[in-house]
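**Student:** Chains as they are written, first to last, in this note's numbering: chain A, 1 to 388; chain B, 389 to 725. Glycine included, each C-beta is placed from N, C-alpha and C at the ideal position. Okay, handing you the structure first.
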């Protein structure tokens, strides 16, 4: 301890509440006077590795940093790539992409809610969220064949068609989840200790949120109705009716509520998707031709498409493309520069956690040491996603 | 030759029976093992999991805590190089010891006690207040910022829970006109239970018990996501085991005290067992266990408060309520006279 009245506390990276990062906190008694997040402990150089990979190999690569929200980050990459290639997915594939993206958003939000719960000491909500997350993971597995890392979207479409009996399972899951959300309200949302811990804690004002460039539910909780799904619609979102959840308060509690309500909205979207989904092919016609006739026949029977090896030589035109996608934690931006070779010249991904990181530095000062996990959890920050 | 009769008489000699069997070491160990298991099992039930299961499977893993204790026993005790070795080792042992000593002043029935004193209630409370001082020493001796912050939090909390706790006990002492636990229980058997006479004091006592024993939502000094393990961050092995059981001992003693003060202690006794220490002991233990189970159940309902909120609850809520309880007791005494 130094002689002056400040005490420097280093929280993390080996700390139960820090995640894969370190906070350098200057404490004035129990009050935080300076807060410096120190990131980079799980940097995996995804962008640099991508430069040495073929375009199709990057699909699983981009998923790795954001394991809780793989479908959305994947979708962003595929949209940017499709813009470079100049092709489009058929309508059925667009709906399937939306379906998986929303299922993923639900379990990403459940993940965030659970982690936030355990951070302020409610182990019950943690266990409940992670148990109910399982239902959505199982659904996604039914659809894609994988639990977390789906690699479901491919250039020009999706890998698998809707399996038999999926709709019944989905409506069952939605009915169950709606009941469970009522339990969540009782044990967590309306819990007097939770409201005491979260209301008026970690306030990000509307102007500050815009200035700092916060994204996702954190931005919407500060009163800005910004959602890429509405502002720059992609996939099937223009044809689907849903609301942007906005709250004015901007505190930790409103961020929890926004996520909580977004789970309901996502379920609404998923319901509409399976109702409105058109029939037709799930891969672009021009790519369908590349598949040998025997394989195509088999695939049409089973609904499972195997990508032909020829996809490894996918060569987009020279140029650059950008895409924006609303992931569970906020806006994801993908930027690809192509020099006409089978590898990207430069690949860049800006993840929502990276953009929300700055909120730590400006929100924490003035709060107490015990508020660090409360605010951290409410921002739904995911260190591997920020470090990439 | 010592006959069996002599051995039995020795075991049932009150000072030995109370310190060794009930409410002393053996009962304490069984209760702690059962309580930690029950805490995990209740939380598991609420959270849709199994909880401890595989050790003694037919009984639902009830001796899981024994296995944990054995693990602590054989784990290496690491002493940090910069820690003050003497206080680092002695403080947990002494805090454990001083938390345990109040047991000698707890009677089992009106004819069965280790020693009779006019001030036995005061003795229990006074001895209970010594133990937290060693938590402060732990925080200083560990030379770790999280230990330091944790023990400071405990230090703030001591004042916030001890004053209302003592005032609520004082309210009951005024009501019964004595500080002797035996007389308190005897008075209740003639009137009604203390919890009906002065429910406010009972409420304050209960909340302060949970604050004192770091139950949720007052698990402030050991808040894992904030300060790792609070004062006990640097501890390993069996000394950590002592630290862990320390708060359960306090919960045990305070729950028994709650049974004596508010729930009529060892009454009602069925006639043939009047002289036997077993029947009154079991009744007291059951009443105490109910209080303990309420305490451990809160874990699966509430997250934890902040330290400033807890202090506010202590001073603005519990302190005021304890004064109200005092006034209630005074007015009841005046009414009766």
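For a minimum of 3 consecutive residues, which ranges assigned as the beta strand (DSSP E) are wholly contained in the stretch 151–204 of chain A?
**Tutor:** Counting whole runs of 3 or more residues, the stretch 151–204 of chain A contains no beta strand (DSSP E) stretch at all.
**Student:** Contact between the stretch 711–718 of chain B and the stretch 559–578 of chain B: three or more CB pairs below 8 Å?
**Tutor:** The answer is yes - the stretch 559–578 of chain B touches the stretch 711–718 of chain B, with three or more Cβ pairs under 8 Å.
**Student:** Does residue 592 of chain B pass the burial test, meaning 16 or more other C-beta atoms within 10 Å, or should it be called exposed?
**Tutor:** Buried: at least 16 other Cβ atoms inside 10 Å.
**Student:** Using the Cβ count rule (16 or more neighbours within 10 Å means buried), how would you classify residue 374 of chain A?
**Tutor:** Flag for residue 374 of chain A reads buried.
**Student:** Which of the three DSSP states is assigned to residue 14 of chain A in this structure?
**Tutor:** Coil.
**Student:** Along chain B, in chain order, which residues have C-beta atoms closer than 8 Å to that of residue 128 of chain A?
**Tutor:** Those within 8 Å of residue 128 of chain A in chain B are 435 and 436.
**Student:** Just to confirm my understanding: we take residue 222 of chain A, look at its own chain, exclude 5 residues before and 5 after, and list those with CB closer than 6 Å. What are they?
**Tutor:** Cβ within range, chain order: 204, 206, 209 and 250.
**Student:** So residue 502 of chain B and residue 406 of chain B are supposed to be a Cβ contact under 8 Å. How far apart are they, rounded?
**Tutor:** Contact holds; Cβ gap of about 4 Å.
**Student:** Apply the 10 Å Cβ neighbour rule to residue 338 of chain A and answer buried if 16 or more other Cβ atoms are within range, or exposed otherwise.
**Tutor:** Buried, by the Cβ-count rule.
**Student:** Going straight from the alpha carbon of residue 77 of chain A to that of residue 131 of chain A, what length do you get?
**Tutor:** Roughly 30 Å separates the two Cα atoms.
**Student:** For residue 461 of chain B, which residues in the same chain have their Cβ closer than 8 Å to its Cβ, ignoring the five residues on either side in sequence?
**Tutor:** Contacts found: 625, 626 and 629.
**Student:** State the beta-bridge partners of residue 321 of chain A as determined by DSSP.
**Tutor:** DSSP output for residue 321 of chain A lists A:336 as bridge partner(s).
**Student:** Could you say which of A:44, A:179, A:35 and A:72 lies nearest to residue 391 of chain A if we only look at CA atoms?
**Tutor:** Since the first residue of chain A shown is 1 and the last is 388, residue 391 of chain A is not available in this structure.
**Student:** Could you give the distance in angstroms between the alpha-carbon of residue 680 of chain B and the alpha-carbon of residue 603 of chain B?
**Tutor:** If I take the Cα positions, the gap works out to 10 Å.
**Student:** If we define contact as Cβ-Cβ less than 8 Å, is residue 428 of chain B a contact residue for chain A?
**Tutor:** Judged by the 8 Å Cβ criterion, residue 428 of chain B is not in contact with chain A.
**Student:** Against chain A, with Cβ distances strictly below 8 Å, would residue 537 of chain B count as a contact?
**Tutor:** Cβ-Cβ to chain A under 8 Å: yes for residue 537 of chain B.
**Student:** Below 8 Å on the Cβ atoms is my contact criterion, and I expect residue 695 of chain B with residue 16 of chain A to pass it. Report the Cβ-Cβ distance as a whole number of Å.
**Tutor:** That pair is no contact at about 18 Å.
**Student:** With distances taken between CB atoms, is the gap from residue 541 of chain B to residue 595 of chain B smaller than 8 Å?
**Tutor:** For residue 541 of chain B and residue 595 of chain B, no; Cβs fall outside 8 Å.
**Student:** Please list, in chain order, the chain C residues whose beta carbon lies closer than 9 Å to that of residue 180 of chain A.
**Tutor:** Here the protein chains are A and B, and chain C is not one of them.
**Student:** Only counting runs of 4 or more residues, tell me where the alpha helix (DSSP H) segments fall wholly within the stretch 426–478 of chain B, in order along the chain.
**Tutor:** Those alpha helix (DSSP H) runs which fall completely within the stretch 426–478 of chain B and span 4+ residues are 452–462.
**Student:** Count Cβ pairs between the stretch 102–110 of chain A and the stretch 277–297 of chain A that sit closer than 8 Å; are there 3 or more?
**Tutor:** In short, these stretches do not touch, since the Cβ pair count stays below three.
**Student:** Return the CA-CA distance between residue 511 of chain B and residue 497 of chain B, expressed in angstroms with no decimal places.
**Tutor:** Looking at the two C-alpha atoms, the distance is approximately 18 Å.
**Student:** Are the beta-carbon atoms of residue 264 of chain A and residue 244 of chain A separated by less than 8 Å?
**Tutor:** No, Cβ-Cβ distance for residue 264 of chain A and residue 244 of chain A is not below 8 Å.
**Student:** List, in chain order, every chain A residue whose beta-carbon is nearer than 8 Å to that of residue 688 of chain B.
**Tutor:** Chain A residues near residue 688 of chain B: 123 and 124.
**Student:** Look at the alpha carbon of residue 239 of chain A and the alpha carbon of residue 95 of chain A, and state the distance between them as a whole number of angstroms.
**Tutor:** The alpha-carbon atoms of residue 239 of chain A and residue 95 of chain A are separated by roughly 10 Å.
**Student:** For residue 194 of chain A, go through chain B and note every residue whose CB falls closer than 9 Å to its CB, in chain order.
**Tutor:** Near residue 194 of chain A (Cβ distances below 9 Å), the residues of chain B are 690 and 691.
**Student:** Whole angstroms is fine: what's the gap from residue 450 of chain B's alpha carbon to residue 268 of chain A's?
**Tutor:** Between residue 450 of chain B and residue 268 of chain A, the C-alpha separation is close to 45 Å.
**Student:** Is residue 90 of chain A buried or exposed, if buried means 16 or more other CB atoms sit within 10 Å of its CB?
**Tutor:** Buried, by the Cβ-count rule.
**Student:** From the beta carbon of residue 696 of chain B, is the nearest beta carbon of chain A less than 8 Å away?
**Tutor:** It does; some Cβ of chain A falls within 8 Å.
**Student:** Give me, in chain order, the residues of the same chain whose beta-carbon lies closer than 6 Å to that of residue 101 of chain A; leave out the 5 immediate sequence neighbours on both sides.
**Tutor:** The residues are 71, 72 and 75.
**Student:** Give me, in chain order, the residues of the same chain whose beta-carbon lies closer than 6 Å to that of residue 266 of chain A; leave out the 5 immediate sequence neighbours on both sides.
**Tutor:** Excluding positions up to five away in sequence, the list reads 102, 105 and 106.
**Student:** Helix, strand or coil for residue 560 of chain B? Go by DSSP, reduced to three states.
**Tutor:** Correct three-state label for residue 560 of chain B: helix.
**Student:** Would you give the residue range spanned by the alpha helix (DSSP H) that residue 680 of chain B belongs to?
**Tutor:** Run containing residue 680 of chain B: 666–685, per the alpha helix (DSSP H) assignment.
**Student:** Assuming residue 220 of chain A is part of the alpha helix (DSSP H), what are its boundary residues?
**Tutor:** Per DSSP, residue 220 of chain A belongs to the alpha helix (DSSP H) from 217–221.
**Student:** Whole-angstrom Cβ separation of residue 27 of chain A and residue 18 of chain A, contact assumed at under 8 Å?
**Tutor:** About 15 Å; that fails the 8 Å criterion.
**Student:** So with Cβ pairs under 8 Å, would you call residue 548 of chain B a contact of chain A?
**Tutor:** No, residue 548 of chain B lies away from the interface with chain A (no Cβ there is under 8 Å from its Cβ).
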